[in-house]
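Enquirer: Sharing a structure below in structure tokens format, with a few things to ask.
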Amino acid sequence: MITENLELARVASSTNAPAPLMPNPQNRVEEELREVRPTKLSIEHVSKWFREGVVKTHALDDVSLQVDEGEFVCLVGPSGCGKSTLLNMIAGLEFPDSGTIMSDGKAVRDTGRDRMVMFQESALFPWLNVLGNVLFGLKLKPNLTNKEREEVAMFYLKLVGLDRYAHSNIHELSGGMRQRVALARSLAPNPRVLLMDEPFAALDAMTREQLYGDLQAIWAARKKTIVFVTHNVREAVCLGDRVLLFSPHPGRIREEFRIDLPRPRDINSTDLAHYASEITRALKQHRAEAKTEVAD
Ligand SMILES: Nc1ncnc2c1ncn2[C@@H]1O[C@H](COP(=O)(O)OP(=O)(O)OP(=O)(O)O)[C@@H](O)[C@H]1O
Ligand SMILES: [Mg+2]
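So this is what it looks like as structure tokens:
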């Protein structure tokens, strides 16, 4: 609190303008803490079609979603319901046919280092070693000397527990280690938004559990906004503040669950299992309804 008050005092004294009628700094800090978190990502009425020859796929239909700064949102749904398409549009890799996607109040028109994507397959460069792969992500960050880049890369390798492997070749690493390198590479440019598309799907259960712990710690410490796609309901409940259920043909958001469990969460806890079974029941229900709609 003392530091925050000093900070406010410094901001106030650094301007030559007449001093405004300032409320008590302590009240101001408390007021700010009470303020609602700003919306980081705003997806409004987004629809997307893919056309291949005469085949037209309605991938997403009228999808709207607001994600707050620092929020962890998980997207769950059957194959083909448009989860990756939505993530790619937030990343600026694809564009909606109608509707808008805004990041920090600005329309997304391109990729940017404020929004980094991490895919299911780590997509690391096999001709670069571990450090080289993380440094590659830092190319997006201008105004750094080579030495500073290396320091930043090593910081993130340490964060994911791989600093000892900085000079290893990619083919010498296990699948879990590769995903950790990919995570370090996505984190290194310090994006405010991390978009993760089934990043742990190919890993064994033990490695996944470790990474759930690591990711929750990194998210809490580095204040990221995360949109995370998964087929695994327990994983979604373990990680998300909210879990959104999608249904396919066309892809739509059908239901939203707020997960009020303390963190860090243990994927094997009973409370978590209750949420997971409720969400799985809802998924099955939506699937049955979709089948009935097709039959009708
Ligand atoms: N580049 C593309 N060209 C044509 N159709 C596409 C393309 N990308 C996606 N689609 C179609 O759009 C729909 C949504 O695909 P998407 O990959 O977003 O689904 P998903 O929910 O991520 O599925 P999964 O869980 O299997 O990864 C699917 O029917 C898919 O075939
Ligand atoms: Mg996908």
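So in our numbering, spot 139 of the sequence shown is number 877, and the numbers just go up one at a time. Note that CB positions come from ideal geometry on N, CA and C, so glycine has one too.
May I ask you to check if the CB of residue 818 is nearer than 8 Å to at least one heavy atom of ligand 1?
Expert: Relative to ligand 1, the nearest heavy atom lies less than 8 Å away from the CB of residue 818.
Enquirer: Run the Cβ filter for me: residues under 7 Å from any heavy atom of ligand 2, listed in the order they occur in the chain.
Expert: 821, 822, 935, 936 and 967
Enquirer: What do you reckon, is the C-beta of residue 986 under 8 Å from a heavy atom of ligand 1?
Expert: yes
Enquirer: Are there three or more Cβ pairs, one per stretch, closer than 8 Å when the segment 829-841 is compared with the segment 879-893?
Expert: no
Enquirer: Considering only the alpha carbon of each residue, which of 800, 794 and 804 lies closest to residue 979?
Expert: 804
Enquirer: Reducing DSSP to helix, strand and coil, say where residue 822 ends up.
Expert: helix
Enquirer: Check this for me: beta carbons of residue 696 and residue 1000, under 9 Å apart or not?
Expert: Nothing can be reported for residue 696, as the shown portion of the chain is limited to 739 through 1034.
Enquirer: Helix, strand or coil: which one does DSSP assign to residue 838?
Expert: strand
Enquirer: If you compare alpha carbons, which of 989, 897, 786 and 984 is closest to residue 949?
Expert: Out of 989, 897, 786 and 984, the CA that lies nearest to the CA of residue 949 is found in 897.
Enquirer: Within the same chain, show all residues whose beta-carbon is closer than 6 Å to that of residue 934, passing over the 5 residues directly before and after it, in chain order.
Expert: 856 and 966
Enquirer: Looking only at DSSP bridge pairs, what is residue 796 linked to?
Expert: Looking at the DSSP assignment, residue 796 forms a beta bridge with 787.
Enquirer: Where does residue 815 land, buried or exposed, given buried means 16+ other C-beta within 10 angstroms?
Expert: buried
Enquirer: Given residue 1080, which residues of its chain have a CB within under 8 Å of its CB, disregarding the five upstream and five downstream residues?
Expert: Because the chain in this structure spans residues 739 to 1034, residue 1080 falls outside the shown range and cannot be described.
Enquirer: Can you tell me whether DSSP reads residue 872 as helix, strand or coil?
Expert: helix
Enquirer: Mind checking residue 760: buried by the 16 CB within 10 Å criterion, or exposed?
Expert: Its pLDDT being 49, under 50, residue 760 is placed unreliably in this model, and the coordinates cannot settle the point.
Enquirer: What would DSSP say about residue 953, mapped onto helix, strand or coil?
Expert: Helix, per DSSP.
Enquirer: Report the rounded CA-to-CA distance for residue 826 versus residue 819, giving the unit in angstroms.
Expert: Residue 826 and residue 819: Cα-Cα distance of roughly 13 Å.
Enquirer: Expressed to the nearest angstrom, what Euclidean distance is found between the alpha-carbon atoms of residue 1007 and residue 885?
Expert: 44 Å
Enquirer: State buried or exposed for residue 905, treating a residue as buried only when at least 16 other CB atoms are found within 10 Å of its CB.
Expert: exposed
Enquirer: Considering residue 893, what are the terminal residues of the alpha helix (DSSP H) in which it resides?
Expert: 884-897
Enquirer: What did DSSP end up calling residue 828 once you bin it into helix, strand or coil?
Expert: Correct three-state label for residue 828: helix.
Enquirer: Quick check on the DSSP output: the beta strand (DSSP E) that includes residue 919 runs from which residue to which?
Expert: Counting along the chain, no beta strand (DSSP E) covers residue 919; the unbroken alpha helix (DSSP H) around it starts and ends at 913-925.
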